[in-house]
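In our numbering, the protein residues as written are 1040 to 1275. Glycine is no exception: its CB is placed at the ideal position from the N, C-alpha and C atoms. Note sheet for the following structure.
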């Protein structure tokens, strides 16, 4: 895998997560508080609020005040996949406007429990934890890659819990990468296309579509994934 040569010591990093009305509100505030507590590096902390409100709801004044007290910057984010696909809210987070060169997306139901060692996660283009289980067959992977004019990759990994051999396939609840808006746009476009693909059961597609589309977007971006320890996205 190609390493970045630039020294990232003391470099500012953007941490971004979804803050959505309802159950995720409290979780997002707790995540923000844990980040503020454990992050010792210079950083930009961003809460992405899904729009439109008629679909995703309005954040409470208490939540907005908590984010303000935690010095969390808020942005509005449009779901470009479908309003019937809530997980699609997070796909645009990797393209958030920031003056940072590095970005970390974190699912709202995660909590940070120790200090963050940024140098460990920006040696490679992308760092993420392997998916817990395989959800589709190699035959379906071949069809999907071919749909985007790609040969199936040679890289293999073991899923985190079931220990099955799989293609590069990650849990997208924690993604550390260089700020590359083209990756976000390719991830969105791949997800849109696979959203319409009939060869994946609807239940699998609804829960894991973002994970299935991500490695294809990575391949289209000519990037590679470095697999990191499960402690960075523990599958509780």
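Where residue i falls, given that 16 or more other Cβ within 10 Å makes a residue buried
i: residue 1147; result: buried
i: residue 1076; result: exposed
i: residue 1277; result: Lying outside 1040 to 1275, the shown extent of the chain, residue 1277 is not represented and no answer is given.
i: residue 1249; result: buried
i: residue 1254; result: buried
i: residue 1221; result: exposed
i: residue 1110; result: exposed
Nearest-angstrom beta carbon gap, residue j and residue i [assumed within contact, 8 angstroms]
i: residue 1168; j: residue 1093; result: So it is not a contact: roughly 35 angstroms between Cβ atoms.
i: residue 1116; j: residue 1132; result: 7 angstroms
i: residue 1191; j: residue 1181; result: 5 angstroms
i: residue 1091; j: residue 1128; result: About 12 angstroms separates the two Cβ atoms, so there is no contact after all.
i: residue 1070; j: residue 1149; result: 6 angstroms
i: residue 1126; j: residue 1213; result: Contact flag wrong, Cβ pair sits at about 15 angstroms.
i: residue 1247; j: residue 1174; result: 5 angstroms
i: residue 1057; j: residue 1087; result: 5 angstroms
i: residue 1233; j: residue 1183; result: 6 angstroms
Where residue i sits in the DSSP three-state scheme
i: residue 1220; result: helix
i: residue 1258; result: helix
i: residue 1127; result: helix
i: residue 1247; result: helix
i: residue 1101; result: helix
i: residue 1148; result: coil
i: residue 1110; result: coil
i: residue 1075; result: helix
i: residue 1263; result: coil
i: residue 1121; result: coil
i: residue 1165; result: strand
i: residue 1046; result: The pLDDT assigned to residue 1046 is 41, lower than 50, so where the model puts this residue is not dependable, and the model offers no usable value.
i: residue 1138; result: coil
i: residue 1173; result: coil
Counterpart residues of residue i in DSSP-defined beta bridges
i: residue 1081; result: According to DSSP, residue 1081 bridges with nothing at all.
i: residue 1054; result: 1084 and 1143
i: residue 1116; result: 1089
i: residue 1205; result: 1196
i: residue 1210; result: 1168
i: residue 1278; result: The structure shown has nothing for residue 1278, since the chain only spans 1040 to 1275.
Three CB pairs or more closer than 8 angstroms across the stretch 1133-1143 and the stretch 1074-1088 = yes
Is the stretch 1192-1202 touching the stretch 1257-1274, taking contact as three or more C-beta pairs under 8 angstroms?
-> yes
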